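Quick note, the working numbering runs 3 ahead of the 1-based positions in the sequence shown.
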Amino acid sequence: MRARDRCPNEDDETTPARAGTGSDVNADAIQRRMDTGAPGDAKRCRLLGLGLVLGATLLCLVPRAHAQANECLVAFRGLPGAEKGGKVVCRDCDTCDRDGVKDNKCTFQFDICLNQGDASCTATTLKKVKAKGKGLAGPLPLPADSACHTFTATVPLKKNGRKKGTTTITAQAVSSTKPTRHDIDKLILLCNPQPATCASTTPTTTTLPPCGNGVIDPGEQCDPAASSSGCPSGQGCNTQCQCVQVSCDPIVPGEPIANTYQLSGVVGPKLCTARATTNQFGACATDADCGGRTGTCLQTPWVTADGIAFPFPLGITTTFTVGAADVPPTCEHAACLGCGNPNAPCAGTPGCAGNPQCVTTTCCDQPSFIVPNFLLPGLGLCVRVDQVACGVGVVNSSNPQTGDNEVVKMADTSDPGPDCTYGTGDDPAAKPCDTSAGGAGSDPKGKVVRTIGNGTPDANGIQYRFGVRILATSWTDNQGCPPGATFDADESLITQLVLNAELSTAGATAGFTDLNGDGCALAGAGFTGAGPVTIAPPSVQPVPYAGGISQAAAAGVAL
């Protein structure tokens, strides 16, 4: 494991805000709950939950055919190979039949997803959406939003179960922009009779294989969950707990590793939020899976601040370049997220010119990390994210996976002094562990220790970890936060923070702890405790070696 100490004005996540101060743990350090206190106010030390959880498709930026520009307005999800329509075949009581019994019909389950932008198709506003088909059941009429909605479709067999049955589901979306954009997809569902007896649904007891239990059992050469895998140098532990030679797989199948790539944010799975009473950050289908509290099962991507979760915008893109390929057994390829000129006037915040509340007036003029601006629901605040420096990271394509890229950030609100080291001569006298004048919570000083890895190899797949320094600005926008909105001189700044977003597919943890032994880990005010919060597999997932969808998350601390 690798640890690094961080201090205010050195750490990407401890730069104090000028329009409101705070001490936070969050999941992405991109945006947190807004404070309106003036400089010098007591810091609001808060555990912000997890924050940003993204589903992302890894794309190699080489010439290739792209989907049509309107093919993201409506799509099906949950039926492999039929995202844009087509035919799906099932047999009564097979696993694709959701009711699981032989009853002369097939029940298909799928999502209809609206307005899911990607690298080849820009999301827009919709004025008309429609879904229809015999046997279709779900949230009808569809709302003109940018979300996925779960449906079932029941297809009965004909001739008393002896002949196949079919139905056609049509989904369409029309934009409100000019010129008008249309997307219509048709899905044919075919149900065949079951010639055999259906498998019994009687519960059985299954003994799981020991591979992956952290112990090298008889017949195994290694175990990927063990602190030491047991394999000799140059080899890794595969999913059968056997040592094999490590290879460096391509990041994108068929492409050289040294290349330029893009991650595009898409709709991901539903996860329980920080407010869940059970299964926090775990997979869910309904609020019941999260303990029953309303609104705690939320479709990713989402961000949470002080336990308050809200959807994060789609269309986030991260472009990175791998200059040279690493070699086995590490296969950890250094990645760069370009910036252009970091001292260019920030085009998104012209209202910061001459505004003493702003942290900075400059940002990258050729950013690699792009987040569409968005409106904070319930607060009416417009938020934009601007990259302010080059980003760095790694992509590990070892097969079997040998990397260890979880990100852990633990903080203490006690002031370590100018040298950012506890226990040395410049440490200030111990302060009361509160937010009173002179208390440990009355200033933005503290310390964050960042550790990479947990001592065991990550799950198999293409793992990545990226850190990028960003400027998060929120304000009340006179036009209501339309696409491309900027903070202008006649608008009110609410908060502006320079933060470090460090996404990882391996996992992320953040919290407050007593680093110097003074009994004061967290001094401040807020809605949640000191944590830690952790997002771990399966809520995060690497890109499959053959290509596909990944899930990344970040957790961070701001003082």
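Positions of the beta carbon are idealized from the N, C-alpha and C atoms, including for glycine. Remember, it's a predicted structure, so these values are computed and weren't measured experimentally.
Determine the DSSP secondary structure at residue i, reduced to helix, strand or coil.
i      : result
Ala291 : helix
Gly470 : strand
Gly396 : strand
Pro353 : helix
Glu494 : coil
Asn503 : strand
Asn402 : strand
Cys240 : strand
Thr1   : There is no way to answer for residue 1, as the model of the chain reaches only from 4 to 562.
Pro375 : strand
Phe315 : coil
Ile89  : For the record, residue 89 in the displayed sequence is Gly; it is not Ile. In the structure shown, Gly89 sits in a strand (DSSP, three-state: E or B).
Thr438 : coil
Cys234 : coil
Arg47  : Per-residue confidence for Arg47 stands at a pLDDT of 38, beneath the threshold of 50, marking its modelled position as unreliable; the derived number appears in the next sentence. The answer is coil: DSSP assigns Arg47 none of H, G, I, E or B.
Gly217 : coil
Val269 : strand
Arg296 : coil
Cys124 : strand
Ile538 : strand
Cys423 : coil
Lys167 : coil
Would you list the one or two residues that DSSP bridges to residue i?
i      : result
Asp114 : Arg80 and Thr153
Phe323 : Tyr264
Pro348 : Thr365
Lys162 : Partner(s): none; Lys162 has no beta bridge.
Gln245 : Answer is none; Gln245 lacks a bridge partner.
Asp415 : Lys450
Ser178 : Leu129
Ser477 : Val386 and Thr498
Asp188 : Ala174
Val546 : Ile465
Gly222 : Answer is none; Gly222 lacks a bridge partner.
Gln302 : Lys273
Val410 : Ile455 and Ala511
Work out the CA separation of residue j and residue i for me, nearest whole Å.
i      : j      : result
Pro460 : Val330 : 17 Å
Lys87  : Ala174 : 10 Å
Gly318 : Asp429 : 47 Å
Ser445 : Ser417 : 10 Å
Ile115 : Ala78  : 6 Å
Val395 : Gly456 : 17 Å
Asn241 : Trp305 : 33 Å
Val177 : Gln245 : 53 Å
Ala570 : Leu474 : In the structure as shown, the chain begins at 4 and stops at 562. Residue 570 is therefore absent and cannot be evaluated.
Cys109 : Lys133 : 23 Å
Ala350 : Pro259 : 35 Å
Val388 : Ile373 : 8 Å
Glu464 : Tyr548 : The identity of residue 464 in the sequence shown is Gly, whereas the question assumes Glu. For Gly464 and Tyr548, the distance between alpha carbons rounds to 5 Å.
Lys273 : Val362 : 35 Å
Val452 : Lys412 : 6 Å
Gln404 : Ala328 : 16 Å
Ser495 : Ala228 : 51 Å
Ala286 : Leu379 : 24 Å
Thr276 : Phe313 : 10 Å
Thr98  : Ala462 : 27 Å
Lys130 : Ala140 : 22 Å
Asn346 : Cys366 : 6 Å
Pro316 : Pro375 : 6 Å
Thr364 : Gly420 : 29 Å
Ala511 : Val543 : 9 Å
Pro332 : Leu266 : 25 Å
Thr207 : Cys201 : Confidence in Thr207 is poor, its pLDDT being 43 and thus under 50, which makes the residue's placement too unreliable to answer from.
Gly295 : Ser236 : 49 Å
For residue i, count neighbouring C-beta atoms within 10 Å of its own C-beta (all shown protein chains included) and say buried if the count is 16 or more, exposed if not.
i      : result
Pro198 : exposed
Val218 : exposed
Lys166 : exposed
Thr438 : buried
Gln369 : exposed
Val386 : buried
Ala414 : buried
Val536 : buried
Lys135 : exposed
Gln302 : buried
Ala288 : exposed
Any heavy atom of the ligand ATP inside 8 Å of the beta-carbon of residue i?
i      : result
Ala492 : Of ligands this structure carries none, so the ligand ATP is not represented either.
query: With a cut-off of 8 Å, do at least 3 Cβ pairs link the stretch 500-511 to the stretch 549-562?
result: yes
message: With three or more C-beta pairs closer than 8 Å as the rule, is the stretch 459-475 touching the stretch 408-417?
response: yes
field: Three or more C-beta pairs below 8 Å linking the stretch 432-445 and the stretch 487-499
entry: no
- prompt: On the three-pair Cβ rule with 8 Å, is the stretch 179-197 touching the stretch 147-167?
  reply: yes
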